[in-house]
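The block underneath contains the structure these notes are about, expressed in structure tokens.
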Amino acid sequence: MPGRNTWVGYGNTMGGMIDIAWLREHPDTLRVALARRGLEMDLDGLIRLDVERRQVRMEAEQDRAEQKRLGLRIRELAGDEKASAVAEASDLAARYREGVAEADRLDRRFSVLWAQVPNLADPSSADGLTEEDGVEIRRWGEVRDFGFPVQDHRRLGSDLGMIDIERAAKVSGSRFGYLMGPAVRLEFALVGMVFDRLEGYGFTPFVPPVLVREEALYGTGFFPDDSGQVYEIPHDGLYLVGTSEVSLAAYHSNEVLDEDRLPLRYAGFSTCFRREAGAHGKDTAGIFRVHQFDKVEMFAFCHPEQSQAEHERLLAIEEEIVQSLEIPYRVVNIAAGDLGASAAKKYDIEAWIPSQGRYREITSCSNTTDFQSRRLRIRYRTAQGNRLVHTLNGTAAAIGRLLIALMENHQQSDGSILVPDALQSHAGFDRIRPPDKA
RNA sequence: GGAGAGGUGGCCGAGCGGUCGAAGGCGCUCGCCUGCUAAGCGAGUAGGGAGCUGAAACCUCCCUCGAGGGUUCAAAUCCCUCCCUCUCCGCCA
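Under the numbering used here, the first residue of the first sequence carries the number 3, and numbering increases by one thereafter.
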């Protein structure tokens, strides 16, 4: 077993995003990259701080070297000679301690700032700062001409005995739902179908922990920026993951992987927990935006030169899954300024939601390049030394939103819902009928 | 929850105050040898940071023997706190 995760976080010279050498050598490139994301930072100040912390540490280390040289001679000395040597060594030791303490302080200051710097946006990610700036790159499927008044998933869910929001509010508050009856069978059918497919593509299925330590969240880039979205269990110092991306990425933290075993492809099924802070009044109906949902997530560790291809591959798998469910969708290249901290490039699949008359996000697929692997220290071995891997993640099946898309797109005039072919054998039924008409 | 035992390099495993970043073994790499194979022989083989460099290599220094503190001129070795693993008992989905 590899050693425990010893993420160093604050005070760690590696705790930032991109290679620190980038800051030193290409500050202007970094400045431009930040501007693409609509960010401004005091890079000159950061560079000065970087120079200072290295200088201070170097001087302290020189004291330390001197002290060690002297210490080695001490045991050969005696009497006054020994006493004065001990005194001098003691003095050097004290100076060293002070110097290191100062260097640590500077490192912490540096790292706090550095940890806030997001990944560089890929040149091919869309320009712009907001959700609206995302560029649609293709559409698939035909939006049905229903010919009858469409019901939203909430109405369908309650009519068909699949979703209960009211009682969830009684028990847990807003933004929760009970899935029941056919919805549960559909969930497990989806999970089964998706795992079948993913195993065929070389993914190993996982059920990862959903409670993780702080290190895993810093390592994946959810901390410090998105800490407000994360549920905390203060008593135990643990956090509930918003996606199994967190526990899958951290799975290999502090490890050196064999180059010829790359890429490693994992698929995690887990419940996901999100506080949805700041989303007041947004998507309040039904289970579109809830605090808890289940999801199958793809995750890949790959060679840096392969990550762009891997990204396209993940997207293709996502599309294939949505296509097999016969849900019309479009693919959006997310704007640079709308990317999370960790992503260099991100594609969303948006499914057509008939009741809303628009496309809504049901999957998200990111290339996080070496942002997470640097923080989590995940490398691969080469003849020239160890290099950082690239990591990617993509939604294979976000159950709640997929259920919405399935229910609404496949609803019939009699109030029933047709189950797509691809799901029937897993579900064990081909249509969901209202209880009274069953 | 109670009682014990432990955490050392890719792995196993010694060391228990000073040339120990670490014996020995396994594995791996390179070379030699053996008409194949097996065996044998020799050498090398942890990670990170800083300095040097146009950039590397080399070289020098510092840090890391689960993590963080402490004692000491000096700590893998002594002390404290925490984390983790294992065994037994209890409880339990």
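Note that beta-carbon positions come from the ideal geometry of N, C-alpha and C, so glycine has one too.
Review point. Looking only at its own chain, which residues have a Cβ that is under 7 Å from the Cβ of L108, when we skip the five neighbours before and after it?
Key: Along the first sequence, one-based indexing puts residue 108 at 106. Correct list, in chain order: L51, E54, R55, V58.
Next item on the list: Please check the pair I419 and D296, which I expect to be a contact at CB under 8 Å, by giving their CB distance rounded to whole angstroms.
Entry: By 1-based counting over the first sequence, the position of residue 419 is 417. By 1-based counting over the first sequence, the position of residue 296 is 294. Between D296 and I419 the Cβ distance is about 19 Å, and since that is not below 8 Å, they are no contact.
Supposed contact pair L327 and A447 - C-beta distance, whole angstroms, cut 8 Å:
The structure shown does not extend to residue 447, since the chain is modelled only from 3 through 440, so no value can be given for it.
request  = State buried or exposed for L25, treating a residue as buried only when at least 16 other CB atoms are found within 10 Å of its CB.
outcome  = The sequence position of residue 25 within the first sequence is 23, counting from 1. By the neighbour-count rule (16 or more Cβ atoms within 10 Å), L25 is buried.
- request: With a threshold of 16 other CB atoms inside 10 Å of the CB of M409, please say whether the residue is buried or exposed.
  value: Along the first sequence, read from residue 1 onward, the residue named residue 409 stands at position 407. Residue environment analysis places M409 among the buried positions, since at least 16 neighbouring C-beta atoms fall within 10 angstroms of its C-beta.
* Nearest neighbour of A62, chosen from D93, D82, D46 [CA to CA] -> Your numbering for residue 62 matches position 60 in the first sequence. Nearest of D93, D82, D46 to A62, Cα basis: D93.
In chain order, what residues of the same chain lie with their CB nearer than 7 Å to the CB of L36, ignoring the 5 residues before and after it? In the first sequence, the residue the question calls residue 36 occupies position 34. The answer, listed in chain order, is E42, M43.
Report the rounded CA-to-CA distance for D228 versus D416, giving the unit in angstroms. Within the first sequence, residue 228 is the residue found at index 226, counting from 1. Within the first sequence, residue 416 is the residue found at index 414, counting from 1. Rounded to the nearest whole angstrom, the CA to CA distance from D228 to D416 is 44 Å.
From the DSSP output, read off the bridge partner residues of E234.
-> One-based indexing of the first sequence puts residue 234 at position 232. For E234, which the question treats as bridged, DSSP gives the partners Y241.
What do you get for I235, buried or exposed, if any count of 16 or more other CB atoms within 10 angstroms of its CB means buried? As a first step, residue 235 is located in the first sequence; it is residue number 233 there, counting from the start. Note on I235: under 16 other CB atoms within 10 angstroms of its CB, so exposed under the neighbour-count rule.
Next item on the list: Can you say whether M60 is buried or exposed, counting buried as having 16 or more other CB atoms within 10 angstroms of its CB?
Entry: In the first sequence, residue 60 corresponds to position 58, counting from 1. Burial state of M60 is exposed, judged by a 10 Å Cβ sphere holding fewer than 16 other Cβ atoms.
Secondary structure, beta strand (DSSP E): runs of 3+ residues fully inside the stretch 296–339 = At a cut-off of 3 residues, the continuous stretches assigned as beta strand (DSSP E) that sit fully inside the stretch 296–339 are 331–335.
- Item | Three-state secondary structure (DSSP) of L72 | In the first sequence, the residue the question calls residue 72 occupies position 70. In the structure shown, L72 sits in a helix (DSSP, three-state: H, G or I).
With DSSP run on the structure shown, which of helix, strand or coil describes S249? Taking the first residue of the first sequence as position 1, residue 249 is located at position 247. Here S249 carries a helix assignment [DSSP, helix/strand/coil].
How many Å lie between P207 and Y253 at the Cα? For the purposes of this step, residue 207 is taken as the residue at position 205 of the first sequence. For the purposes of this step, residue 253 is taken as the residue at position 251 of the first sequence. So the two alpha carbons sit approximately 13 Å from each other.
Could you tell me the alpha carbon to alpha carbon distance between G159 and K284, rounded to whole angstroms?
For the purposes of this step, residue 159 is taken as the residue at position 157 of the first sequence. For the purposes of this step, residue 284 is taken as the residue at position 282 of the first sequence. G159 and K284 have their C-alpha atoms spaced approximately 20 Å apart.
task: Look up I289 in the DSSP assignment and say whether it is helix, strand or coil.
output: One-based indexing of the first sequence puts residue 289 at position 287. Collapsing the DSSP output to three states places I289 in coil.
### Query
Between N335, S344, P356, which lies nearest to D350 when the distance is taken from Cα to Cα?
The residue labelled residue 350 in the question sits at position 348 within the first sequence. Of N335, S344, P356, the smallest CA-CA separation from D350 is found for N335.
- Pick from R38, Q64, A424, P29: whose alpha carbon is nearest that of L48? In the first sequence, the residue the question calls residue 48 occupies position 46. When only C-alpha atoms are compared, the closest one is P29.
Margin query: Whole angstroms are fine: how far does the CA of S375 sit from the CA of I22?
Written below: Locating residue 22 in the first sequence gives position 20, where the first residue counts as 1. Locating residue 375 in the first sequence gives position 373, where the first residue counts as 1. The alpha-carbon separation between I22 and S375 amounts to approximately 14 Å.
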